[in-house]
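Read through the structure below, which is laid out as structure tokens, and then see the notes.
Residue numbers (our numbering): 11 to 121.
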């Protein structure tokens with residue numbers, strides 16, 4: 011397993027604390043930078059940045075960005091939704107890394 015664990019922080023937007031939605035930052039226990047091009051290829055990232063490496067996805071009205079050391083998710087309804095998304099991404103990162111010899115890495119943005 012490539013990514014074994016993380017610690018998460020749930021908070022309201024600092025720029026407008028009256029927003030109902032939550033944000034989550036999950037600090038990763040391992041650096042996953044090497045897996046990001048494979049994750050981008052397997053999930054079809056919206057934006058890929060090479061340096062420092064990150065890949066952003068748009069999923070169900072949310073922006074989800076995976077950096078080498080953390081995952082950021084916005085527009086969450088509750089902590090349970092954050093847990094579900096972070097666990098799903100942990101599995102996707104591990105699967106992309108495990109299958110990297112069969113995945114053509116992508117360093118490009120979506121068209």
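Just so you know, even glycine gets a beta-carbon here, dropped at the ideal spot from N, CA and C.
Does the distance from the CB of residue i to the CB of residue j come in under 9 Å?
i, j, result
"residue 109", "residue 95", "no"
"residue 16", "residue 36", "yes"
"residue 19", "residue 93", "no"
Write down the C-beta distance between residue i and residue j rounded to the nearest angstrom, noting that I regard them as a contact closer than 8 Å.
i, j, result
"residue 79", "residue 38", "5 Å"
"residue 13", "residue 86", "With a Cβ gap of about 20 Å, residue 13 and residue 86 do not count as contacting."
"residue 50", "residue 65", "5 Å"
Short of 7 Å in beta carbon distance, which residues of its chain neighbour residue i, apart from the five on each side in sequence? Order them along the chain.
i, result
"residue 118", "58"
"residue 48", "106, 107, 110, 113, 115"
"residue 53", "67, 102"
"residue 30", "none"
Applying the 10 Å Cβ sphere with the 16-neighbour rule, what's the burial state of residue i?
i, result
"residue 63", "buried"
"residue 120", "exposed"
Considering only residues of the same chain and omitting the five flanking positions on each side of residue i, which have a CB-CB separation below 8 Å?
i, result
"residue 41", "78, 79"
"residue 100", "13, 16"
Within its chain, find whatever has a CB closer than 6 Å to the CB of residue i; leave out the 5 residues flanking it on each side and keep chain order.
i, result
"residue 82", "35, 75"
"residue 43", "63, 78"
**Study point:** Segment contact, 8 Å Cβ cut-off, at least three pairs: the region 14 to 31 with the region 53 to 63
**Key:** no
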